[in-house]
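The structure is reproduced here in structure tokens:
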């Protein structure tokens, strides 16, 4: 049988400090890819303003990605708050999940550079979709391997498995639209937020205690 | 109702380790933007000295930004020491606050490159102003959602709300001066330090126990 | 006599948070070395697809290295879970081990850039080999200095010392093959995984409790 | 009076996790400044070997700096193990100390690029000297503000204040020699290690318990 580490063990804490360190770095590295522009007259306000204006897609994609990764961190924080213990399998699955978090700064930089190119949107959407899918894998494993502090009812469990990948659906739906207009694709991404709130209202009894 | 995590929970600790990791990275990345200069005669002392001299604005902005972010970290450390618990809202607000901490290396690099350009100062001042404003938002939420270990008296609370954004005022005031002289603008920033000490002397009774 | 820090001390925890921070950074930095490609027509899908295709070796080496470092992190996590205490010597040895973890992003970037060049494979294999060898050094010291919570039997100990460097053997064996085909060398690396499982089946009694 | 945070408080832990995060990043960033070389025939072993050979100063300075910062981390780890509590002043002083740790990757990269240039050695030596001097400042403050768990005798205290800056002396002495030969200067740096051991033998009674 696999080793289990309870909530108060050094081993449980290590997974989280490694995890949160990786999140913090991925979020901070996003800014590194934005290079300071080179201008000919270094004291010219208008020239610097123009140069910075050219970087606006980079700034937008920094804040979008910070929000996206931040949202995943919040979801991970909430998920771990439900765990009573971790086993080797969930630590391994978590590493796979982190690989795609660590990779995200590249699609972000790509999006900042080629915001008008549908391929940038597609790659970003696929990366984010994989992360959301892995969230479901983590939750399923925690449920099946009995790692949750309070076993949810089957109703609540089904709700969690359906509600969690909602953003994936939106990212997938956005892909064909990216070929018409990249801005439209981004608008569709943000559509997942109100739907999330709507879903929460239809949550079965007991779900609130788990995900509230 | 929103979930609450008490001071001794794994969840409270995670927010802080994520937070401190992000601060540590933002402060360390400041140096990465300073590129090693290229010189023609690699063993010439005078040539290397000249090349490094050209980077002096970069060195100054590294140490200014390290001091600025360090000061925010100290304030955050003090703020958290007053908290008995965290709720979901304060964790979310803290992420917004961290987005602007994570962004700061860019204005810092800009300032290092274009120290004489008023626009660099303005962008830096606006970024720092937003961070200070978010500090007040965090403190207000903690007060209203009853997260503080010792509820301050209304007098002390009002003092905290006024004293905390003092640096914002100075950064805002410095903006028009930046167009006259960038050095003058920087001098005005440092003016906030003695005023902070003066304000502390006029603090109502009980404030010392909270902010001392 | 050297100082000892028990499992529940601040000092034991610090070594781990430093350690895990370094691992998290090394794994996240892997993506930084992948530069966003420059294309002439920024909205052309086919041009961007071609440019990204040229980066496929970089993507492959990112995920290989993430898996390799992740595997070392898992092994380190398991190793520390066996420790009852740390002494100064193991903290020092751990730093030497971390130096080669921190260095790994360079061979990774080299491999991504020169995947067809046998020398990239050799350098990568040597780096990984040193890390595996240092794992054995750490385990031996922990055994001899009585740092393990449960002293393994000599049989189990010998098994641990032999099983742990298995990947080293594979990396060493792969080196000459790298000069014939770099892809072949990579295939040999992955050969260590099934052998690891086979070895585990031949483990002496009691080893499962330690390494399972 | 200033706030005090005892060893088991969240606040004590935060200073350390911030501190160790910064150390880990500074040590890992050292490798980022080493760029993968560009060669004309990407599959040529000899060309890649030549290109890597040109980077040997960068590799040497990576491992020297990793050892140097690692040694400071070990000293900091030992120092904190003596503390019963922290006050605001020591947290502030620690930030000043960290500023120079965070800056070290720049002199390291400079040394890697211009190993033959005496000015690189001087800048590196000055940076390292400042860090060692700040170690003494931290130790003095801890002694005077009564933060140490076991107050050392005046003899032991004086020994600590003298022994700790020994490396500073060596770095200062090495500066003029750097103008004759940079290799000689590096050899002098390493001279501090045996002297440190000699000093330890002459330590007054009770020092071993503190620094052993």
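Residue numbers (the working numbering), protein chains in the order written: chain A, 16 to 227; chain B, 16 to 227; chain C, 16 to 227; chain D, 16 to 227. Each residue gets a CB set at the ideal place from its N, CA and C atoms; glycine is no exception.
Leaving out five residues on either side along the sequence, give the residues of the same chain with a beta carbon under 6 Å from the beta carbon of residue i.
{"i": "residue 19 of chain C", "result": "100 and 102"}
{"i": "residue 126 of chain D", "result": "76, 135 and 139"}
{"i": "residue 66 of chain D", "result": "52 and 54"}
{"i": "residue 89 of chain A", "result": "none"}
{"i": "residue 42 of chain B", "result": "81 and 84"}
{"i": "residue 56 of chain D", "result": "62"}
If I'm right that residue i touches residue j with Cβ under 8 Å, what's the distance once you round it to whole angstroms?
{"i": "residue 119 of chain B", "j": "residue 80 of chain B", "result": "6 Å"}
{"i": "residue 25 of chain B", "j": "residue 22 of chain A", "result": "6 Å"}
{"i": "residue 131 of chain B", "j": "residue 58 of chain A", "result": "5 Å"}
{"i": "residue 85 of chain D", "j": "residue 110 of chain C", "result": "5 Å"}
{"i": "residue 46 of chain D", "j": "residue 121 of chain C", "result": "5 Å"}
{"i": "residue 40 of chain C", "j": "residue 203 of chain D", "result": "About 32 Å; that fails the 8 Å criterion."}
{"i": "residue 144 of chain A", "j": "residue 171 of chain A", "result": "With a Cβ gap of about 24 Å, residue 144 of chain A and residue 171 of chain A do not count as contacting."}
Drop a sphere of 10 angstroms on the beta-carbon of residue i, count the other beta-carbons inside from all chains shown, and report buried for 16 or more, exposed for fewer.
{"i": "residue 186 of chain A", "result": "buried"}
{"i": "residue 68 of chain A", "result": "exposed"}
{"i": "residue 137 of chain B", "result": "buried"}
{"i": "residue 35 of chain C", "result": "buried"}
{"i": "residue 173 of chain D", "result": "exposed"}
{"i": "residue 227 of chain C", "result": "Its pLDDT being 43, under 50, residue 227 of chain C is placed unreliably in this model, and the coordinates cannot settle the point."}
{"i": "residue 200 of chain D", "result": "buried"}
{"i": "residue 48 of chain D", "result": "buried"}
{"i": "residue 16 of chain D", "result": "Low confidence applies to residue 16 of chain D: its pLDDT is 45, below 50, so where it sits in the model is not reliable enough to give any reading."}
{"i": "residue 198 of chain C", "result": "exposed"}
{"i": "residue 124 of chain B", "result": "buried"}
{"i": "residue 205 of chain A", "result": "exposed"}
{"i": "residue 191 of chain B", "result": "exposed"}
{"i": "residue 78 of chain A", "result": "exposed"}
{"i": "residue 169 of chain B", "result": "exposed"}
{"i": "residue 228 of chain B", "result": "No information on residue 228 of chain B is available, as it lies outside the stretch 16 to 227 that chain B covers here."}
{"i": "residue 71 of chain D", "result": "exposed"}
{"i": "residue 164 of chain A", "result": "exposed"}
{"i": "residue 50 of chain D", "result": "exposed"}
{"i": "residue 28 of chain C", "result": "buried"}
Between which two residues does the alpha helix (DSSP H) containing residue i stretch?
{"i": "residue 20 of chain D", "result": "Premise fails: residue 20 of chain D lies in the beta strand (DSSP E), 19 to 21, not in any alpha helix (DSSP H)."}
{"i": "residue 132 of chain B", "result": "Unbroken run through residue 132 of chain B: none, as it is neither H nor E."}
{"i": "residue 120 of chain C", "result": "120 to 128"}
{"i": "residue 198 of chain A", "result": "197 to 205"}
{"i": "residue 171 of chain B", "result": "169 to 178"}
{"i": "residue 82 of chain B", "result": "71 to 96"}
Could you give the first and the last residue of the continuous beta strand (DSSP E) run that contains residue i?
{"i": "residue 100 of chain C", "result": "100 to 102"}
Using beta carbons (cut-off 8 Å, strictly below), is residue i in contact with chain G?
{"i": "residue 63 of chain B", "result": "Among the protein chains of the structure shown, namely A, B, C and D, there is no chain G."}
Skipping 5 residues on each side, what residues in its chain have a beta carbon closer than 7 Å to that of residue i?
{"i": "residue 37 of chain B", "result": "113, 116 and 117"}
{"i": "residue 31 of chain A", "result": "95"}
{"i": "residue 106 of chain A", "result": "30"}
{"i": "residue 133 of chain D", "result": "193, 194 and 197"}
{"i": "residue 188 of chain D", "result": "203"}
{"i": "residue 73 of chain B", "result": "49 and 127"}
{"i": "residue 64 of chain A", "result": "none"}
Starting from the C-beta of residue i, find all residues in its chain whose C-beta is less than 8 Å away, skip the five residues before and the five after it, and write them out in chain order.
{"i": "residue 154 of chain A", "result": "94, 175, 176 and 179"}
{"i": "residue 129 of chain A", "result": "135"}
{"i": "residue 156 of chain A", "result": "104, 105, 108 and 162"}
{"i": "residue 92 of chain B", "result": "none"}
{"i": "residue 142 of chain C", "result": "115, 118, 119 and 122"}
{"i": "residue 97 of chain D", "result": "157, 163, 164, 165 and 225"}
### Task
Run through the segment 29 to 77 of chain C for me and flag every whole alpha helix (DSSP H) of 4 or more residues, listed as ranges in chain order.
60 to 69
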